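Asker:
Numbering (the numbering used here), first residue to last: 6 to 84.
Okay, structure coming up:
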């Protein structure tokens, strides 16, 4: 399971629920889309293009790999 959402600090975030979600194919797909692993937040991040279309494109790619994906187009507040 993944959460895909824009974040005001990290850009576009694709966060796995657990390490088991990080299959070689998943890591390859995210890396090909310009994501890098951020060990501080245990998620893949991409600082550029965190538009609604990018959220949908990333979520769609993960779903095609068989992942269950939650996605949001609006960043969560950091209050």
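Every residue, glycine too, gets a C-beta built ideally from N, C-alpha and C.
Predicted, not measured: the structure shown is a model, and the values here were computed from it.
Determine the contact status of residue 9 and residue 64, defining contact as a CB-CB distance below 7 angstroms.
Answerer: Within the chain shown, the letter at position 4 stands for residue 9. Within the chain shown, the letter at position 59 stands for residue 64. Cβ distance < 7 angstroms, so residue 9 and residue 64 count as in contact.
Asker: Could you pull out every unbroken alpha helix (DSSP H) segment of at least 4 residues lying fully inside the stretch 55-84, listed in chain order?
Answerer: Entirely contained in the stretch 55-84, the alpha helix (DSSP H) runs reaching 4 residues are, in chain order, 57-69.
Asker: Checking the sheet assignment: what are the DSSP bridge partners for residue 10?
Answerer: Counting from 1 along the chain shown, the entry for residue 10 is found at position 5. For residue 10, which the question treats as bridged, DSSP gives the partners 18.
Asker: Quick one: what's got a C-beta closer than 7 angstroms to residue 16's C-beta in the same chain, skipping five residues either side?
Answerer: Start at 1 with the first residue of the chain shown, and residue 16 comes out as number 11. 50, 51, 52, 53 and 55, listed in sequence order.
Asker: State the Cα-Cα distance for the pair residue 14 and residue 46, rounded to the nearest angstrom.
Answerer: Taking the chain shown and counting its residues from 1, the one referred to as residue 14 is at position 9. Taking the chain shown and counting its residues from 1, the one referred to as residue 46 is at position 41. If you take the alpha carbons of residue 14 and residue 46, they lie about 11 angstroms apart.
Asker: Starting from residue 53, follow the beta strand (DSSP E) in both directions and report where the run begins and ends.
Answerer: Taking the chain shown and counting its residues from 1, one reaches residue 53 at position 48. It is not in any beta strand (DSSP E) - residue 53 carries neither H nor E in the DSSP assignment.
Asker: Give me the Cα-Cα distance between residue 44 and residue 57, rounded to the nearest whole angstrom.
Answerer: As a first step, residue 44 must be located in the chain shown, where it is residue number 39. As a first step, residue 57 must be located in the chain shown, where it is residue number 52. The straight-line gap from Cα to Cα measures roughly 25 angstroms.
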